[in-house]
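Residue numbers (my numbering), protein chains in the order written: chain S, 1 to 165; chain H, 166 to 826; chain F, 827 to 945.
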Amino acid sequence: MTEMAAQEYWVAEEEEDTQKGKYLTFSIGKEIYGIEIKYVTEIIGVQPITEVPELPDYIRGIINLRGQIVPVMDVRLRFKKEFKEYNDRTCVIVIQFENIAMGLIVDSVEEVLSIPDADIVSLPEIKQNTNRYIKSVGKVDEEIKLLLDCSKLLTEEEMESLAEI
Amino acid sequence: MSGQNNEQMLEMYIFETEQNIEQLETLVLSSEKELGFAEDALHELFRLMHTIKGSSGMMSYQSLASVAHHLEDLFYYLREQQPQNVDYTILSDLVLEGIDLMKVELQKIKNGEEADSDTAPLIKSIEDYLQLLKQQNGAESETAVALAQPDSAGGFCARADAVTYKAVVHFAADCAMENVRAYALVHSLQAEANVLQLFPADLDDDDSAEIIRTKGLTVYLQSELEAEQIEEIFWQTPFLNKLELTVVDSLQSEEAAWDAAQLPKQQQNNHTAASNSVISVSVNKLDKLMDLVGEMVIAESMVIQNPDLNGLELENFEKAARQLHKITSELQDLVMSIRMVPLATTFHKMHRLVRDMSRQLQKDVQLQLIGEHTEVDKNIIEHIADPIMHLIRNAIDHGLETAEEREALGKPAAGTITLEAKNTGSDVLILIKDDGRGLNKDKILERAREHGLLTKMTAEMTEKEIFELIFLPGFSTKDNVTEFSGRGVGMDVVAKNLEMVGGAVSVSSVAGQGTVFTLKIPLTLAIMDSMNVKVGASCYTIPIISIKECLRLQQHTLLNDTEGYEMLMVRGECYPIFRLHQYFNVKNAVTDLEKGVLVMVEHDKKSFLLFVDELLGQQEVVVKALPAYIKERYQSKGISGCTLLGDGSISLILDVGGFVQ
Amino acid sequence: MAKVLVVDDAAFMRMAIKNMLENHGFEIVGEAENGAVAVQKYAECRPDLVTMDITMPEMNGLDALKAIMKINPEAVVVMVSAMGQEAMVREAIMSGAKSFIIKPFKEDHVIETLKKVLP
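Quick look at the structure:
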């Protein structure tokens with residue numbers, strides 16, 4: 001009886017379904033990237049950043065988000081592209097992935113798109129720097145959106161340092 | 166039910182079960198000390214087990230539920246039968262084993278793992294022990310206690326106009342406790358009818374549940390009511406599934422009636438409820454609350470010191486602003502006080518340690534607790550339990566002599582460990598005292614020499630300096646736990662743990678009389694008195710506690726050592742200079758030593774100078790942790806956290822100890 | 827909307843019952859962590875229904891039930907029991923409890939029981 005009770009008692013969460021297949025797209029240079037909307041908590045303009053020494057260059061520092069201290073990552077630098085001065089198009093996409101909150105600095109934010117699974121092709125493993133963070137490619141009206149792997153974007157640096165050796 | 170509710174329930178379950186387990190442990194240990202379980206304690210143990218069983222069952226944590234269930238049975242027996250032949254050591258061991266297992270399971274649940282430990286061996290030993298108890302104390306007393314039971318034979322006379330009915334009822338398949346449901350049904354029928362006979366007859370017998378489940382309950386009753394009205398009464402019973410009601414001619418002379426008016430005497434209850442009720446709040450929420458209050462203090466100063474107000478005479482505004490300020494600072498104090506928790510829980514955990522160790526080492530040890538109600542910030546408490554445990558373990562293992570040695574020395578055979586806490590205003594002191602043999606200076610020196618830890622001539626060292634050698638990393642390693650009879654098993658770990666919360670450890674000892682370790686810990690980590698300094702456009706925060714003085718270069722002599730490091734000669738001593746703008750790579754900072762300020766800071770008796778542009782002023786700041794993502798990647802130790810300034814910008818808090826390295 | 831007083835010494839259980847009942851349109855007007863508080867709260871807020879745990883500190887559910895029945899003989903009290911507490915449930919029914927639910931609960935069982943006993 002106990003098991004049944006538990007099953008009936010806990011009703012599965014349905015909220016995730018409404019976010020499924022939706023991506024927030026942003027641009028870096030000419031490329032359009034997409035990130036699953038369920039990770040995005042908000043989008044803000046560039047804030048004053050407090051630098052923290054001895055961190056990888058793509059971690060620009062920390063910002064004060066209404067009392068919460070959030071690290072910010074320049075996605076351009078993360079992708080080993082050239083640094084670009086921030087302007088009024090520059091945005092910080094605040095994401096929450098597992099327990100990590102992170103601000104992603106991008107050239108500009110585009111839109112929210114629904115991309116059905118059928119239009120998404122996963123990428124073969126390519127040993128190229130930027131592609132390591134890309135999980136798959138979505139096609140929307142013949143345009144290509146590079147869909148990011150949040151987990152790799154945030155956590156994968158051990159590999160990078162090994163690769164550099 | 167929403168996901169948030171689930172999470173809340175899980176949080177509540179873990180919180181409450183942890184508390185219950187802690188309470189259980191305390192009760193068992195104190196009962197063991199008194200060599201027996203008092204009636205109150207038995208009731209309480211039973212209740213706690215019952216609660217854990219119930220909650221765990223609801224959450225489908227079978228391992229926890231079944232361990233709690235079997236221990237509950239055990240305490241039920243002890244409570245009801247009060248057997249005489251009980252070996253309380255075995256009982257305590259068994260219960261503590263159960264407690265440990267439940268702790269393990271709960272930890273797994275907390276980590277998001279499956280709570281899947283094998284409970285079978287423990288349950289088997291609990292069952293065996295219960296069986297043994299029953300044998301030793303006479304099995305016949307096993308039957309459950311009789312409670313107020315309805316009389317089944319009463320003098321009832323059938324009235325002429327009453328009709329006799331026969332009803333056969335079935336309950337829903339999985340409703341459980343069918344006999345009690347039948348009992349409730351019969352009870353409600355009595356109000357309107359005379360219940361003549363039942364099958365099964367004895368609803369108190371729990372075996373009757375099975376009969377009702379398969380064959381249904383048959384009731385003969387007599388009433389003036391119409392069949393429909395009778396049916397209505399039946400259908401009011403929850404989980405009634407099937408009812409066949411027929412009119413029968415009469416029932417033989419067996420008249421069964423219930424003595425319905427037999428309400429047990431009501432106890433006069435003058436008990437007024439304890440109105441000082443307490444609620445539990447998750448620490449996350451408290452942290453959040455404190456963040457918000459910190460934000461509010463900042464927002465307040467942004468409003469009150471708003472540049473738009475400059476030059477205006479605003480009498481009413483000033484008044485209102487003062488009132489606002491008063492409220493916000495009261496609020497801040499209050500939030501701080503909420504975070505303060507007594508050390509009692511941490512202290513009480515040591516009973517178990519002392520018990521287990523004294524058994525293992527065959528040393529009789531008494532633990533004395535003093536000042537356990539002293540309060541410390543919640544975050545700090547988490548960091549000091551391990552050091553205290555470590556020191557107590559050491560005291561028992563190495564500090565206390567064996568009973569024979571003690572008696573030979575004219576000491577009481579039982580050693581005493583005293584754990585004491587006291588508040589000194591800004592700090593809390595925790596003392597761990599033993600009345601053992603004391604530290605052996607010669608052995609400490611010998612060992613320090615072996616490991617190359619001596620930096621001074623031994624003849625020049627004070628007693629205190631010698632004792633403090635034991636806190637040096639490398640003084641002891643794990644493999645000498647048994648051979649080394651003095652102290653010093655991983656003492657550097659203790660020192661390090663305390664440093665993490667801004668505390669310190671010191672030791673004093675008298676040969677033959679014992680040793681005292683003193684832990685000094687700050688009351689709170691959340692608010693700190695500090696000096697803000699400017700470097701370029703950035704602001705950094707230095708804890709006041711680390712600052713010795715602030716200097717200008719002019720009065721002193723600048724030196725460069727052979728490697729090009731800058732040093733300053735102050736009152737005949739040489740101090741290295743550390744340029745903050747270099748470390749933090751700040752542009753547009755003052756680089757000319759003559760134009761900036763040198764802040765002399767001290768850590769661990771080492772002093773050095775931090776070079777900054779200017780001092781911005783002294784302030785109490787609310788300390789915030791760096792985001793975990795940064796902490797994991799920031800390897801050196803120059804920064805301990807950050808704080809928010811009046812304009813909403815972030816200032817990094819310097820960890821002077823980190824610069825030393 | 828029926829007003830309910832939830833009595834249980836475990837905050838977890840109170841939360842579980844509360845969540846369950848609120849999903850079905852019951853209004854929780856009070857919670858109590860032992861029998862003594864329950865009796866006091868009963869007198870204060872006069873709920874339509876009380877869910878009463880049996881094993882509690884201070885004053886157990888049976889004594890609280892009896893005290894509540896004294897305040898209001900029409901009171902609707904449902905005992906929250908566990909397997910193994912049959913004898914106590916019987917005593918509770920003798921003392922005026924309208925029905926009982928068994929831990930660990932099933933939501934539909936609880937709701938069916940409570941709906942049946944409400945006048």
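C-beta: ideal position from N, C-alpha, C; glycine also.
Does the beta-carbon of residue i have 16 or more other beta-carbons within 10 angstroms, so that it is buried, or is it exposed?
| i | result |
| --- | --- |
| A676/H | exposed |
| H935/F | buried |
| T756/H | exposed |
| P708/H | buried |
| M696/H | buried |
| R872/F | exposed |
| Q19/S | exposed |
| C739/H | exposed |
| I557/H | buried |
| T402/H | buried |
Give every residue of the same chain whose Cβ lies closer than 8 Å to the Cβ of residue i, excluding the five residues on either side of it in the sequence, and list them in chain order.
| i | result |
| --- | --- |
| M827/F | G851, F852 and E853 |
| I144/S | I32, V137 and G138 |
| K924/F | V902, V903, V904 and V943 |
| V530/H | V519, M522, S523, I561, L565, A579, G580, T581 and I582 |
| K844/F | V832, I854 and E857 |
| A869/F | I897 |
For the alpha helix (DSSP H) holding residue i, just list the boundary residues, first then last.
| i | result |
| --- | --- |
| H746/H | L745 to Y748 |
| H117/H | The displayed coordinates of chain H run from 166 to 826. Any statement about residue 117/H would go beyond what the structure contains. |
| Q394/H | A392 to W400 |
| P286/H | A285 to Q301 |
| L489/H | E480 to I503 |
| F838/F | A837 to N849 |
| N662/H | M656 to M665 |
| T939/F | E933 to V943 |
Compare the beta carbon distance of residue i and residue j with 8 Å and say whether it is the shorter of the two.
| i | j | result |
| --- | --- | --- |
| E51/S | G61/S | yes |
| M734/H | H721/H | yes |
| F838/F | M177/H | yes |
| T221/H | L229/H | Note that residue 221/H corresponds to Ser in the displayed sequence, not to Thr. Yes, Cβ-Cβ distance for S221/H and L229/H is below 8 Å. |
| F636/H | D657/H | yes |
| L817/H | T706/H | yes |
| L831/F | A864/F | yes |
Is residue i near the ligand ATP, judged by its Cβ being under 7 Å from some heavy atom?
| i | result |
| --- | --- |
| I818/H | Among the components modelled here there is no ligand, and therefore nothing to report on the ligand ATP. |
Who are the near neighbours of residue i in its chain, counting only those whose CB is closer than 6 Å to its CB and skipping five residues on each side?
| i | result |
| --- | --- |
| T191/H | H513 |
| W10/S | Low confidence applies here, because W10/S scores a pLDDT of 41, under 50, leaving its location unreliable and the question unanswered by this model. |
| I95/S | Y39, V40 and M102 |
| A341/H | none |
| T437/H | Reliability fails at T437/H, whose pLDDT of 35 lies under 50, so the model's placement of it is uncertain and the value that follows must be treated cautiously. Hits under 6 Å: none found. |
Could you give the residue range of the beta strand (DSSP E) that holds residue i?
| i | result |
| --- | --- |
| C807/H | I804 to L809 |
| Y23/S | K22 to I28 |
| G580/H | G580 to N588 |
| N697/H | I692 to V700 |
| H616/H | Premise fails: H616/H is in no beta strand (DSSP E) and is neither H nor E. |
| F336/H | V328 to F336 |
| D339/H | Here D339/H belongs to no beta strand (DSSP E), and DSSP marks it neither H nor E. |
| E859/F | From DSSP, E859/F is part of no beta strand (DSSP E); its letter is neither H nor E. |
| N725/H | T722 to N725 |
| G138/S | I134 to V140 |
Using a Cβ-Cβ cut-off of 8 Å, state whether residue i counts as contacting chain B.
| i | result |
| --- | --- |
| V52/S | The question asks about chain B, but that chain is absent: this structure's protein chains are S, H and F. |
Could you pull out every residue in the same chain whose Cβ sits closer than 7 Å to the Cβ of residue i, ignoring the five residues on either side in sequence?
| i | result |
| --- | --- |
| V462/H | T493 and Q497 |
| Y730/H | P741 |
| T451/H | According to the sequence shown, residue 451/H is Leu rather than Thr. Hits under 7 Å: I503 and R504. |
| E357/H | S388, L390 and I398 |
| H538/H | P507 and A509 |
| K867/F | L831, G856 and A858 |
Is the region 493-506 of chain H close to the region 443-458 of chain H, with three or more CB pairs under 8 Å? yes
Three or more C-beta pairs under 8 Å: does that hold for the region 614-623 of chain H against the region 515-533 of chain H? no
Is it the case that the region 540-548 of chain H contacts the region 660-670 of chain H, given that we only count it when at least three CB pairs across the two stretches are under 8 Å? yes
Count the CB pairs spanning the region 583-603 of chain H and the region 675-695 of chain H that are closer than 8 Å, and state whether there are at least three. yes
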